[in-house]
Amino acid sequence: MATSRKTRQKTIMEKEIDKIDTFFSAEDVYENVRNQGIGIATVYRYLNEMKKAGKIHSYLCNRKQIYSKEEKSHCHFECEKTGKVFHFEIDSLDFIQSKIPGKITSFQIEVKGVCNDQICNEH
Ligand SMILES: [Zn+2]
Ligand SMILES: [Zn+2]
């Protein structure tokens, strides 16, 4: 029956997302559910539903959509040599607050540079 299959797939995806406590992409979820016969289109559809229901939040990360369960501030460091992305957290933006005519509720920070990986520091 199509309905119960859908329900089963949703339960599997829900469990996978439950295990994640940082940002994730549709591909991350797909990697963990593909062996159970769930396609990428199903993952995208499910994440869209979750987002519309306000159960997950989405951000633009390197022109890609990423998600989190709790509303987070998206702080992002990208290595210019390899394109590798690291996410980090900032507790307070007090140093910016004084320049803003209002109250900060969430923010996105995009930082670029060269990461500490050995291959990125050889010349
Ligand atoms: Zn990011
Ligand atoms: Zn690097």
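In terms of this note's numbering, the sequence shown opens at residue 145 and continues consecutively. Where a beta carbon is used, it is the ideal one built from N, C-alpha and C, also for glycine.
| Check | Outcome |
| --- | --- |
| Would you say the beta carbon of T226 comes nearer than 7 Å to a heavy atom of ligand 2? | yes |
| How big is the Cα-Cα spacing for K195 and F251? | 18 Å |
| Pairs of beta-carbons, one from the stretch 213-231 and one from the stretch 178-189, closer than 8 Å: are there three or more? | no |
| In or out: S212 buried (at least 16 other Cβ within 10 Å) or exposed? | buried |
| Please check the pair K225 and C264, which I expect to be a contact at CB under 8 Å, by giving their CB distance rounded to whole angstroms. | 4 Å |
| Check V258 in the structure and name its three-state DSSP category. | coil |
| Is it the case that the CB of C205 approaches a heavy atom of ligand 1 more closely than 7 Å? | yes |
| For the beta strand (DSSP E) containing Q241, name the first residue and the last one. | Unbroken run through Q241 is the alpha helix (DSSP H), 238-241; no beta strand (DSSP E). |
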